[in-house]
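Chains as they are written, first to last, in this note's numbering: chain B, -17 to 132; chain R, 15 to 579.
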């Protein structure tokens, strides 16, 4: 296991504070909540990844995974994905879309641009909790992150 | 003419004049007797030659006895007697003359008048030929005795020629009469045909047919012209046809131009506005044909004008209607894309608040559960249930909306196989129940397999759902009799059935005939069935009796229809 200083962060990009709260509540049960960096929209997400603006002096390297909502003001999830996957330094970061939409055009667009997983948020809270918990465990503990990052 | 005598009016005078001259000559002869015997002989010789060479028959008779004293060679030749056979005989004794009135009577007349003439006397020659002669006799004094000279001219040829001419004339006259009759008949036919044609043209109501003089003045006018142009014949005949054109047409020189075109090309055709007598304009199709006489001289123009205002108006109406339809199609496309946006929005935006409700109710139950009353906890449960139900409705609505959008992929679908496959999916639910399945042989249809499967899933699950209270459920699937162009499939159950008066409501979105407590469901299933079958160009219907089961039917066209909706 990595040392405490090297623990990778999980980026949660979500503009809806209620979804943030429910997601955090789910991750709480995995004791992963303290590793979550919550960003309110795509613009902030990109600033974080490029270490610019208010994240110019942030600590830590790239996140182990980006949990990305799609429908957000300013820069939406798809645009964030496109930017990450087009950047040599960022493209290896796993990106998981966390969305309400199961619409075919959305699925196609995200997979076309190299999304690593597409997760539809269940309406039922029990299912929602399960899904988020699984996601947290999978990306934080099971999945081996790409090397040479950060 | 036969036997008729033509006696000249002044015959007596002539004859007496003649005999006077003869007497003088005799007197002169006596006087000249002394002059020269030779001169007389010479003169006699001349007469003799003349007598012998004449191309008329000449007969000399002794007036006192009526007997023949001489005949010239031509007559001998003509009658076929020798001179000796004739000399000394009376004319009546000669067979050719035996049929004419008696020699005596002839002589009487000769004596009285000194001259007789038969214009056309039929004679028979000794060898039996029938000939016609002109017979002229004179009496004159020759020396001491009176002689009768008969000149006989063979007019057989002349007569035949005359008869031929007469016959020809008769034939000719006959032919002239016949030809005249023919011409008259032809003229009559022509007149009748012209009259019919004139009546026809005059009676035509649908188009104006009239004639123009070479200069463009109206010469004739029919009923159609009267109707279309508004002028009576007597108002317009003689007027120049340019009065049918609107002022701008006249300013552009259109009337003259059209006549010129018709003259040069034989024909001119144009569509344009024309003016009625009352000033009203109408859209006309005009045809002008130049009419030339045989020599190539321009006789005038035939003009046919049709009023196309109505058809132009309906063409305009069709055009307008088309525009309207195009606009409708645009509106429809827009509303379709609105609907898409709507369903997208529903998918995204309605789910999130539901999730939040459910999420926070759950969090609340966890954090405050122990301190809440049972009633409050029940309220929280109700909130969750309602939110979940709303979630189900949203999912169904989305699925229904997607059915209307996806492309239909038609293939040959074996219904037997598809039904078996679908039933296998229900196995888990059927094991605990007593269901008698009656599956008849089913045909191959042309349809979208996945969508057709959805139809079967909906109908079979309905049948199972509504027979759930039966100790023995009976579900039958088969092919119903249908027209040649379609296949009809039915699914029959012995379940709770339905009241036929609500049949129409069955297939509407979220319409239910049973409460949620009786049978669970959102009421989208049959709406989906109808939408899918409708998109295949088929129909759905149902028969039911309360508590005595229901039968659902759907039809699929056998031809490749492509109805989207």
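Quick reminder that beta carbons are idealized off the backbone N, C-alpha and C, glycines included.
Validate contact between the stretch 382 to 397 of chain R and the stretch 512 to 524 of chain R using beta carbons, cut 8 Å, 3 pairs: no
Distance CB(residue 474(R))-CB(residue 436(R)) smaller than 8 Å: Here residue 474(R) refers to the residue found at position 460 when the second chain is read from its first residue. Here residue 436(R) refers to the residue found at position 422 when the second chain is read from its first residue. In contact: residue 474(R) and residue 436(R) (Cβ atoms closer than 8 Å).
Buried or exposed (CB count within 10 angstroms, at least 16 for buried), residue 577(R): Start at 1 with the first residue of the second chain, and residue 577(R) comes out as number 563. Bear in mind that a pLDDT of 43 at residue 577(R), under 50, signals an unreliable position, so the number given afterwards is only what the model happens to contain. Under this definition residue 577(R) is an exposed residue.
Short Cβ contact (8 Å threshold) for residue 203(B) with residue -5(B): The first residue shown for chain B is -17 and the last is 132, placing residue 203(B) beyond what the model contains.
8 Å Cβ cutoff, residue 69(B) in contact with chain R: Here residue 69(B) refers to the residue found at position 87 of the first chain. Judged by the 8 Å Cβ criterion, residue 69(B) is not in contact with chain R.
Helix, strand or coil at residue 151(R) [DSSP, three-state]: For the purposes of this step, residue 151(R) is taken as residue 137 along the second chain, with counting starting at 1. If DSSP states are grouped into helix, strand and coil, residue 151(R) belongs with the strands.
8 Å Cβ cutoff met for residue 49(B) and residue 119(B): The count along the first chain starts at 1 and reaches residue 49(B) at position 67. The count along the first chain starts at 1 and reaches residue 119(B) at position 137. Not closer than 8 Å, so no.
Among 252(R), 90(R), 274(R), nearest to residue 301(R) - alpha-carbon criterion: The count along the second chain starts at 1 and reaches residue 301(R) at position 287. The shortest C-alpha separation from residue 301(R) is found at 274(R).
Residue 367(R) - DSSP class collapsed to helix/strand/coil: Along the second chain, read from residue 1 onward, the residue named residue 367(R) stands at position 353. Helix.
Short CB-CB distance (under 8 Å) between residue 383(R) and chain B: For the purposes of this step, residue 383(R) is taken as residue 369 along the second chain, with counting starting at 1. No, its Cβ sits nowhere closer than 8 Å to a Cβ of chain B.
Residue -5(B): first and last residue of the uninterrupted beta strand (DSSP E) it sits in: Mapped onto the first chain, residue -5(B) falls at position 13. Residue -5(B) -> beta strand (DSSP E) spans -8 to -5.
Closer than 8 Å to chain B by CB, residue 369(R): As a position in the second chain, residue 369(R) is number 355, starting the count at 1. Judged by the 8 Å Cβ criterion, residue 369(R) is in contact with chain B.
For residue 160(R), the residue or residues it bridges with in DSSP: Residue mapping note: residue 160(R) aligns to position 146 of the second chain, counting from 1. DSSP output for residue 160(R) lists 155(R) as bridge partner(s).
Contact set between residue 365(R) and chain B, taken where Cβ atoms lie within less than 7 Å: By 1-based counting over the second chain, the position of residue 365(R) is 351. What residue 365(R) touches in chain B: 82, 105.
Proximity test, Cβ basis, 8 Å: residue 50(B) and chain R: Counting from one through the first chain, the residue named residue 50(B) turns up at place 68. Not closer than 8 Å to any Cβ of chain R, the Cβ of residue 50(B) fails to qualify, so no.
Bridge-paired residues (DSSP) for residue 168(R): In the second chain, counting from the first residue as 1, residue 168(R) sits at position 154. Per DSSP, 147(R).
Cβ neighbours of residue 378(R) in the same chain (closer than 7 Å, five flanking residues each side left out): By 1-based counting over the second chain, the position of residue 378(R) is 364. Around residue 378(R): 394.
Per-residue contacts from residue 110(B) into chain R (C-beta, under 8 Å): Counted from its first residue, the first chain places residue 110(B) at position 128. Result: 369, 372, 373.
Own chain residues within Cβ distance below 7 Å of residue 404(R), not counting five before or after: If you number the second chain from 1, residue 404(R) lands on position 390. For residue 404(R), where only same-chain residues beyond five positions count, the Cβ hits under 7 Å are 368.
Beta-ladder partner(s) of residue 48(B), from DSSP: Here residue 48(B) corresponds to residue number 66 of the first chain, with the count starting at 1. DSSP, once it has assigned bridges, lists -7(B), 77(B) as partnering residue 48(B).
Where the alpha helix (DSSP H) through residue 478(R) begins and ends: For the purposes of this step, residue 478(R) is identified with residue 464 of the second chain, where counting begins at 1. Run containing residue 478(R): 463 to 480, per the alpha helix (DSSP H) assignment.
Contact set for residue 83(B): own chain, Cβ-Cβ below 6 Å, skip 5 residues either direction: Looking up residue 83(B) in the first chain gives position 101. Excluding residues within five positions, none has a Cβ falling inside 6 Å.
Residue 581(R), enclosing alpha helix (DSSP H) - first and last residue: This structure gives no information on residue 581(R), because the portion of chain R shown stretches from 15 to 579.
DSSP-derived helix/strand/coil call for residue 292(R): By 1-based counting over the second chain, the position of residue 292(R) is 278. Residue state, collapsed to three classes: coil.
N- and C-terminal bounds of the alpha helix (DSSP H) containing residue 112(B): Numbered from its first residue, the first chain carries residue 112(B) at position 130. From DSSP, the alpha helix (DSSP H) with residue 112(B) extends over 107 to 119.
Candidates 322(R), 54(R), 334(R), 425(R), of which the one nearest residue 220(R) by Cα: On the second chain, position 206 is the one that residue 220(R) refers to. It is 322(R).
Local Cβ density within 10 Å of residue 365(R), reported as buried at 16 or more and exposed below that: Within the second chain, numbered from 1, the residue matching residue 365(R) stands at position 351. Label assigned to residue 365(R): buried.
Own chain residues within Cβ distance below 8 Å of residue 397(R), not counting five before or after: Numbered from 1 along the second chain, position 383 holds the residue referred to as residue 397(R). Around residue 397(R): 371, 375.
Status (buried if at least 16 other CB within 10 Å, exposed otherwise) for residue 276(R): The sequence position of residue 276(R) within the second chain is 262, counting from 1. Residue 276(R) is buried by the Cβ-count criterion.
Under the three-state DSSP convention, the category residue -12(B) falls into: By one-based count along the first chain, residue -12(B) stands at place 6. Caution applies to residue -12(B), whose pLDDT of 48 falls short of 50 and renders its modelled position unreliable; the value that the coordinates give is listed next. Residue -12(B) falls in the helix class under three-state DSSP.
Exposed unless 16 or more other CB atoms sit within 10 angstroms - verdict on residue 507(R): Position 493 of the second chain holds residue 507(R). That one is buried.
Local conformation of residue 566(R) per DSSP, three classes: Taking the first residue of the second chain as 1, we reach residue 566(R) at position 552. If DSSP states are grouped into helix, strand and coil, residue 566(R) belongs with the strands.
Spatially closest choice to residue 42(B) from 63(B), 23(B), 53(B), 18(B), by CA coordinates: Here residue 42(B) refers to the residue found at position 60 when the first chain is read from its first residue. Nearest of 63(B), 23(B), 53(B), 18(B) to residue 42(B), Cα basis: 18(B).
Alpha carbon of residue 456(R) to alpha carbon of residue 412(R), nearest angstrom: The sequence position of residue 456(R) within the second chain is 442, counting from 1. The sequence position of residue 412(R) within the second chain is 398, counting from 1. Their Cα atoms are separated by approximately 32 Å.
Test: residue 0(B) CB closer than 8 Å to a CB of chain A: Any reference to chain A falls outside this structure, whose protein chains are B and R.
Beta-carbon neighbours of residue 4(B), restricted to chain R and to distances below 8 Å: Along the first chain, one-based indexing puts residue 4(B) at 22. Within 8 Å Cβ-Cβ: 369, 370, 373, 374, 377.
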